[in-house]
Structure formats: C-alpha cells, structure tokens
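Per UniProt numbering, the very first residue in the sequence shown carries number 1; after that it's consecutive. Just so it is clear, CB atoms sit at the ideal spot from N, CA and C, and this is done for glycine as well.
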Amino acid sequence: MRYCADELHYERVRILEKEAFFTCDRIQRDSVPEGLYQYEVRHDDDGFGNPVQIAKGILVNFYGSLLCREKLEDEETQGTIYLSEEDWHWMTDRSITLDELQGKEIEEHL
C-alpha cells in the first residue's frame, strides 16, 4: 500500500553527505510536491534492517522511502546507489511532517 506524502511522518537522515527525510512507508509518487525527489531504500538480505541500496523503486526487502531536496546524482545516472554503513546517518530522534519539511529549514539541533 502507498500513502500520500502529506499523511506521513519523516525522520531526518544524512545519506552520502546529503540531507534526506525517511519514512518506513511507501509514498504515492503523484503526492510528492514539486522540488522534492523520491527514492526507495532496500535493506540487507540478512534481515538486520541495514539500508544497503537506494533506487526509484524497490520490490524486495523494502526498507522505506526517502524525500530529498537535491537529486541523488548516482541514482539518476546509474539507476541505483549501493550503501555502506558509513553512508547512512540518523540525524534526529524527532519526526516531522511534510508541512514542516517544506515550510522551514530544519535546524541542526532537531
């Protein structure tokens, strides 16, 4: 099942030195506002819940969805990005809404 982007809550993450917003749900593509880029994340085959791949669509081992303010160029040019543990960092323990994500810059202390 896919959900409208504005119905979900997001966790701030840093991926490959870029800010992104993560939800464990699938997002309806047509509900993502202009200016945001949507990607999906796959977790490892071992079931440890480690994010290992980013692509436009993930069918197996779906981990969650990302919204980014900037394109992830490697995904755009190569069709996928493979992640190591060092590539993914959780940035906050507070979830935010799409309105908050769009309405203001997220402060570093969140």
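Would you mind sorting residue 21 into buried or exposed? The rule is 16 or more other CB atoms within 10 Å of its CB.
So residue 21 counts as buried.
Within the continuous beta strand (DSSP E) that includes residue 103, where are the two ends?
Run containing residue 103: none in the beta strand (DSSP E); it sits in the alpha helix (DSSP H), 98–103.
What is the residue span of the beta strand (DSSP E) that residue 53 lies within?
51–55 is the extent of the beta strand (DSSP E) around residue 53.
Is the beta carbon of residue 67 sitting closer than 8 angstroms to the one on residue 38?
yes
Based on the DSSP secondary-structure assignment, which residues constitute the bridge partners of residue 40?
55 and 65
Nearest CA to the CA of residue 76: which residue from 86, 54, 87 and 61?
The closest CA to that of residue 76, considering only 86, 54, 87 and 61, is found on 54.
With which residues is residue 19 paired in a DSSP beta bridge?
14
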